[in-house]
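Everything below concerns the one structure shown next.
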Amino acid sequence: MKILILTSRFGFGYGMGYSAYKEAIALTLLGHSVTVVHCYSDPEIADFYDSRIKLIYLPMSKLPLVGFFTYFFKLNKAINEKIEIEDFDIVYIQSLEFGLLALARIKIPIFYYARSTIRGMRLAFQGKEVKTSFLSKITNLILITLECRCIRYSKMIFVKSYRMAREVCDLYGVGPKKLVVITGGIDDKDFQIQSELSCIEFKRKLKIPSDIPIVLYAGRIVPQKGLSYLVEASLKLLQEMNFVVIIAGANANEPYYAKVKHLIDNSIYRNSFYFLGHINQLDMSLVLNLADCLVTPSFYEPFGMINLQAAFLNKKIITTEVTGSVDLLANYEKIKIVRAGSSTAIELAMREVLLLKSPTNQLPIDLSDYSWRSVAEQLLRYFSLTDII
Numbered sequence: 019m020k021i022l023i024l025t026s027r028f029g030f031g032y033g034m035g036y037s038a039y040k041e042a043i044a045l046t047l048l049g050h051s052v053t054v055v056h057c058y059s060d061p062e063i064a065d066f067y068d069s070r071i072k073l074i075y076l077p078m079s080k081l082p083l084v085g086f087f088t089y090f091f092k093l094n095k096a097i098n099e100k101i102e103i104e105d106f107d108i109v110y111i112q113s114l115e116f117g118l119l120a121l122a123r124i125k126i127p128i129f130y131y132a133r134s135t136i137r138g139m140r141l142a143f144q145g146k147e148v149k150t151s152f153l154s155k156i157t158n159l160i161l162i163t164l165e166c167r168c169i170r171y172s173k174m175i176f177v178k179s180y181r182m183a184r185e186v187c188d189l190y191g192v193g194p195k196k197l198v199v200i201t202g203g204i205d206d207k208d209f210q211i212q213s214e215l216s217c218i219e220f221k222r223k224l225k226i227p228s229d230i231p232i233v234l235y236a237g238r239i240v241p242q243k244g245l246s247y248l249v250e251a252s253l254k255l256l257q258e259m260n261f262v263v264i265i266a267g268a269n270a271n272e273p274y275y276a277k278v279k280h281l282i283d284n285s286i287y288r289n290s291f292y293f294l295g296h297i298n299q300l301d302m303s304l305v306l307n308l309a310d311c312l313v314t315p316s317f318y319e320p321f322g323m324i325n326l327q328a329a330f331l332n333k334k335i336i337t338t339e340v341t342g343s344v345d346l347l348a349n350y351e352k353i354k355i356v357r358a359g360s361s362t363a364i365e366l367a368m369r370e371v372l373l374l375k376s377p378t379n380q381l382p383i384d385l386s387d388y389s390w391r392s393v394a395e396q397l398l399r400y401f402s403l404t405d406i407i
């Protein structure tokens, strides 16, 4: 089967780029031809080059509105001149930007992976102290239009969690027969339990004391990820016990980042916080190995792959009830689920988790059913159907 994948990021860029890369590799290993078109790039993408995958880079301007307008012409011109789309068996859209295509003219089956939705995120922001500019409101309307186009012209819509399936169904009027839940995968080579020596060396490199508990936040620094709630909880708990907070994530929202930094810099506990910036997915395993506890305090999180990665490494996890991956981790003994948007709930959970000694004989959760090969096989099962919807 010849598969055309359209994605905003490939390899880099946290969950989306990493998933696109792993799915593409898994599909090629099953004997299929994969071409990937991506619209953003980064020097980090060199770490994910693979000769089995044909990569086509069609850069998109990051300027709001102007970027969409120019990309509409660039994308459709490329499809007409560089890519013989009818030579492929299916089109697999992983990012709403490709709703700019003349999808109605594409005769081969289209599939869409809805990793999140703009309407869902806007709903989650209601009641939060986050200002939205007029330009952002206009941009969101355009993004919703593109989402609706991807949904309308797709044979099937893939989502990563049942929470996300309900969101797409309720907010976009999609029937349940058109929705398929396929979770993200785990690569046991990328995520391995590291030796104590390697962790000590990494702590030394970061100038972190080796005998202090470590709380980890891993993800972009944006409002919906809820980092400020973790910071507020940590500042209160640091009055009672000693620990450090590692923040592994890029600044993707300057006003929100400034808010978080203000909370920390105006505290006597500022030296208990370590900002690592963006971490390559291939290096995330080592960072996770350092942690005594992973905290994912999001108030909007359709899946939350980092939770699965932490569970695979047998780590303690504090996450919120809105996170999609909690369904998969219902039987994981080291997870605490708290109310989203509550620093008090996070503080109470952190106190309990950091003071609790884990049984030394407890095994990591078995995630063997969530290999990337399994993800690819599930995708192919639907790609191969000719009579769907």
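Sequential numbering from 19 applies to the sequence shown in this note's numbering. For every residue, glycine included, the Cβ atom is placed at its ideal position computed from N, Cα and C.
Short CB-CB distance (under 8 angstroms) between residue i and chain C
i: Y275; result: In summary, chain C is missing from the structure at hand, where a single protein chain is found.
Contacts around residue i, its chain only, beta-carbon distance under 8 angstroms, and the 5 residues preceding and following it disregarded
i: C166; result: G117 and Y190
i: V340; result: A142, R181, S316, F317, Y318, E319 and A358
i: M34; result: T25, S26, R27, Q112, S113 and R133
i: P194; result: A183 and C187
i: N298; result: F30, E62 and D65
i: L45; result: I21, V52, A394, L397 and L398
i: S402; result: M19
i: R140; result: N158
Separation of residue j from residue i, as counted between CA atoms
i: V55; j: Y75; result: 6 angstroms
i: Q396; j: I200; result: 7 angstroms
i: K243; j: A270; result: 11 angstroms
i: V177; j: A183; result: 6 angstroms
i: V369; j: V249; result: For clarity, residue 369 is Arg in the given sequence; the question names Val instead. Between R369 and V249, the C-alpha separation is close to 14 angstroms.
i: T378; j: Y350; result: Its pLDDT being 49, under 50, T378 is placed unreliably in this model, and the value from its coordinates should be taken loosely. One C-alpha to the other measures close to 15 angstroms.
i: L253; j: S285; result: 8 angstroms
i: I126; j: N94; result: 16 angstroms
i: C57; j: M78; result: 5 angstroms
i: V344; j: K100; result: 42 angstroms
i: C168; j: I175; result: 9 angstroms
i: V192; j: E272; result: 35 angstroms
i: D205; j: T88; result: 37 angstroms
i: L294; j: N307; result: 15 angstroms
i: I108; j: D68; result: 21 angstroms
i: D105; j: W390; result: 26 angstroms
i: V263; j: V305; result: 12 angstroms
i: I211; j: I335; result: 16 angstroms
i: A122; j: S386; result: 39 angstroms
i: K146; j: L161; result: 21 angstroms
i: F220; j: I21; result: 40 angstroms
i: N98; j: R170; result: 22 angstroms
i: A329; j: F86; result: 39 angstroms
i: E258; j: I230; result: 14 angstroms
i: I265; j: I124; result: 44 angstroms
i: K80; j: L215; result: 42 angstroms
Which of helix, strand or coil DSSP assigns to residue i
i: M368; result: helix
i: M34; result: helix
i: M182; result: helix
i: I230; result: coil
i: Y171; result: coil
i: I23; result: strand
i: L374; result: coil
i: L197; result: strand
i: L155; result: For the sequence presented, residue 155 should be read as Lys rather than Leu. Here K155 sits in helix by DSSP.
i: L331; result: coil
i: L398; result: helix
i: V393; result: helix
i: K354; result: strand
i: F91; result: helix
i: Y190; result: helix
i: L164; result: helix
i: T341; result: strand
i: I336; result: strand
i: I74; result: strand
i: I97; result: helix
i: F129; result: strand
Sequence-distant residues of its chain with Cβ nearer than 7 angstroms to residue i (five each side left out)
i: A42; result: I23, V52, V54 and I71
i: L197; result: I175, V177, A183, V186 and C187
i: S246; result: K277, V278 and L281
i: L256; result: Y287 and S290
i: T337; result: T314, G322, N325, V344, I353 and I355
i: I128; result: V109, I111, L121, Y171, S172 and K173
i: A367; result: I336, K354 and V356
Whole-number beta carbon distance between residue j and residue i, since they are thought to touch under 8 angstroms
i: R238; j: G267; result: 5 angstroms
i: A251; j: S361; result: 4 angstroms
i: I419; j: V356; result: The first residue shown for the chain is 19 and the last is 407, placing residue 419 beyond what the model contains.
i: L326; j: Y388; result: 7 angstroms
i: V393; j: P241; result: Incorrect: roughly 29 angstroms between the Cβ atoms, too far for contact.
i: Y292; j: I226; result: 7 angstroms
i: A309; j: K333; result: 6 angstroms
i: F209; j: L331; result: 6 angstroms
Own chain residues within Cβ distance below 6 angstroms of residue i, not counting five before or after
i: I218; result: S228
For this session: Within the stretch 237 to 321, note down every full beta strand (DSSP E) run reaching 3 residues or more, in order along the chain.
Result: 262 to 266, 291 to 293 and 311 to 314
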